[in-house]
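Before any comments, here is the structure.
Residue numbers (our numbering): 176 to 484.
Now the structure itself:
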């Protein structure tokens, strides 16, 4: 798996992640988000003295439903709600925006803007150090037990081969970096929230690291770190990450949605499904379940908040 690729492999420069949207405002925003994520990504990772470093190969893992059961940002929001950062109504509104985003993909510009505003509303005016400290606590409370052990083992396989491993996620960079550090990975590429003098402004640097933006981030990081994308691997559960999966030599669909499973079969990509009985079990914000499950997730978050308040 580590060095596998298609017969021809990806284009040395990588396919255009934007496709038909190249040159449009959306394509430009995706490139900006990818560049910002790559510039902010950590590069120092765990050192294994007994393993010669493989400096031109790396692995990139999506987080939500790939490395972690459910949506990491929702688990984080639940933890903040329990600490009275916002009300139950705010949490329900936040969950609804998350569900719309996951169900509908990128959606319209208005949908993307609404999702972005919902994701940023609870950090504007807060100190970065405060959110990082809370992120550490909330990881222990709500995320550590939701790591897919099978996916974690795949990441460790790359580390054991001397390769670096990054998370690539729409989750805010600070939270993504905590998850990566706790898992012993090299670092993370995430959505970059603007801050001045250690305080969040409520604005992003670029846009959400989602869809084509992830592919741009991977390509930008590869250029900076001297990686050969033909020797790199990427892992995801979502068809939205097809651009990222397409720029590396080895693409693996992990716990895939129906569309990604079909694309993986068409392209001959490996499929790994760690869900019990092939059942799509989403914890947190479901991406393919119905309104009843969404209501259950909201109720669980509200109940957790009431227990802690």
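C-beta atoms are modelled at their ideal positions from N, C-alpha and C, and glycine is treated no differently.
Look at the beta carbons and you see the segment 380-397 touching the segment 341-354: at least three pairs across the two are nearer than 8 Å.
In this structure, the alpha-carbon of residue 423 lies about 9 Å from that of residue 235. At the C-beta level, residue 410 and residue 241 come within 8 Å of one another. Of the candidates 339, 335, 351 and 228, 351 places its Cα closest to the Cα of residue 248. Within the same chain, 314 and 319 come within 8 Å of residue 357 by CB-CB distance, once the 5 residues on both sides are set aside. Residue pairing by DSSP places residue 427 opposite 410 and 445 in a beta bridge. For the set 437, 446, 431 and 415, the Cα lying nearest the Cα of residue 425 is the one of 446. Looking at the backbone, the Cα of residue 372 and that of residue 300 are separated by about 11 Å. Counting only residues of its own chain and dropping the five nearest sequence neighbours on each side, residue 303 has a CB closer than 8 Å to the CB of 349, 370, 373, 374 and 375. When rounded, the separation of the alpha-carbon atoms in residue 405 and residue 335 is 19 Å.
Taking a contact as a CB-CB distance under 8 Å, the pair residue 341 and residue 216 counts as one, their CB atoms being some 7 Å apart. Its Cα nearest to that of residue 359, the residue 330 stands out among 330, 367, 378 and 368.
If the five residues before and after residue 440 are omitted, its C-beta is found closer than 8 Å to the C-beta atoms of 446, all from its own chain and listed in chain order. If you compare the alpha carbons of 388, 396, 321 and 394 with that of residue 246, the shortest gap goes to 321. Residue 450 and residue 325 have their C-alpha atoms some 10 Å from each other. Taking all protein chains in view, the Cβ of residue 399 is surrounded by fewer than 16 other Cβ atoms within 10 Å, so the residue is classified as exposed. Close CB contacts of residue 397 within its chain, under the 6 Å cut and outside five residues either way in sequence, are with 404 (chain order). If you draw a straight line from the Cα of residue 433 to the Cα of residue 427, it is about 14 Å long.
For residue 333, the enclosing alpha helix (DSSP H) starts and ends at 324-335.
Put simply, of 238, 368 and 389 the residue whose alpha carbon is nearest the alpha carbon of residue 295 is 368.
Per DSSP, residue 297 is not a residue of any beta strand (DSSP E), being assigned neither H nor E. Nearest C-alpha to residue 206 among 394, 437 and 407: 394.
Of all alpha-carbon atoms in 328, 333, 317 and 353, the one lying nearest the alpha-carbon of residue 306 is that of 353.
Per DSSP, reduced to three states, the secondary structure at residue 250 is helical. Taking every protein chain shown into account, the CB of residue 420 has 16 or more other CB atoms within 10 angstroms, so this residue is buried.
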